[in-house]
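Peer 1:
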Amino acid sequence: METALDSFLVSVPQAAALWVLMLLGVFLLAGLLARRTRPLPEPVDDPAADARRYAGEVAVAAERAAATAERCRSAWREAQRELDAAWLAFDAADRIAREAAKACAYPLMSRRRKPGENAERQRYLHHAASAAARNRQISIAQLNDIYAHRGWNPRLHPVVQESALRQAMRDHRWAEYQQALRHERAAWEQAEFAAEALRSLRLEAAAAVARVGAGQPVSGDQWWADSWTTAELPAAA
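Numbering-wise, this note's numbering comes out as the position in the sequence shown, counting from 1, plus 8.
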């Protein structure tokens, strides 16, 4: 009898502790379910904060656009200097070519050529063309044409060859000027595009700052219409 009573007394605290743990588990599970089913708080719409944030973003974009516009304008000025230099180089080459052409106006004496004179004339042409190519007065393509005798007669008199070479120099300078002109026009268009983008961003930045000061929302331009009425506009003369 005492053994059964002792066993009962020992098992009662264990059962009570087990029931307490079960109840705690049920309460925790119910709390988690209630937390999951609870609706999330909706974000508070703050038009003033949105306006300030938008104004800051547009201001940063305007600063970057200003830096881009300045770089494009500097590139355009450099392209202008290159264009002026290319024109001066062409003008100088044109004057020299005209002077060389005047020397060919006088007829040359026709005489029997010495043995090896044609080879000497060819060497003279090749040497003069190589010197002009080293000085970047003619292009590599023109030099290849001279060495291959494409459109060039190496047996002509050195005066005639010199005039033809000066003409080739003028053509090369003209091609450089045309390339510089295309580059300058492209740089000008890019600078104008960057300037227009800067103007638009600065107008938008000023409008955003005005919205912040007036406490108006960012989206829409209705506040501009609300700020001006026909009574405030100056009367037409």
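Quick reminder that beta carbons are idealized off the backbone N, C-alpha and C, glycines included.
Predicted, not measured: the structure shown is a model, and the values here were computed from it.
Which residue's Cα is closest to the Cα of Glu90: Arg190, Arg210 and Ala67?
Peer 2: The sequence position of residue 90 within the sequence shown is 82, counting from 1. Ranking Arg190, Arg210 and Ala67 by Cα distance to Glu90 puts Arg190 first.
Peer 1: From what residue to what residue does the alpha helix (DSSP H) around Leu164 run?
Peer 2: For the purposes of this step, residue 164 is taken as residue 156 along the sequence shown, with counting starting at 1. First-last for Leu164: undefined, no H or E at that position.
Peer 1: What three-state label does DSSP hand Gln186 in the structure shown?
Peer 2: To locate residue 186, count along the sequence shown from 1; it is residue 178. It is helical.
Peer 1: Using the beta-carbon count (16 or more within 10 Å), is Phe98 buried or exposed?
Peer 2: Within the sequence shown, residue 98 is the residue found at index 90, counting from 1. So Phe98 ends up on the buried side.
Peer 1: Between the Cα of Asn152 and those of His165, Gln88 and Leu133, spot the shortest distance and give me the residue it belongs to.
Peer 2: The residue you call residue 152 lines up with position 144 of the sequence shown. The shortest Cα separation from Asn152 among His165, Gln88 and Leu133 belongs to Leu133.
Peer 1: Consult DSSP for Ser147 and reduce its assignment to one of helix, strand or coil.
Peer 2: The sequence position of residue 147 within the sequence shown is 139, counting from 1. Correct three-state label for Ser147: coil.
Peer 1: Between the Cα of Glu204 and the Cα atoms of Cys80, Gln145, Ile104 and Glu128, which residue gives the shortest distance?
Peer 2: Locating residue 204 in the sequence shown gives position 196, counting from the first residue. The option with the nearest alpha carbon to Glu204 is Cys80.
Peer 1: Within the continuous alpha helix (DSSP H) that includes His134, where are the two ends?
Peer 2: Reading the sequence shown from its first residue, position 126 is the one you call residue 134. Taken as a continuous stretch (DSSP letters only), the alpha helix (DSSP H) holding His134 covers Glu125 to Arg142.
Peer 1: If you measure between the beta carbons of Gln169 and Ala136, is that distance less than 9 Å?
Peer 2: Counted from its first residue, the sequence shown places residue 169 at position 161. Counted from its first residue, the sequence shown places residue 136 at position 128. In contact: Gln169 and Ala136 (Cβ atoms closer than 9 Å).
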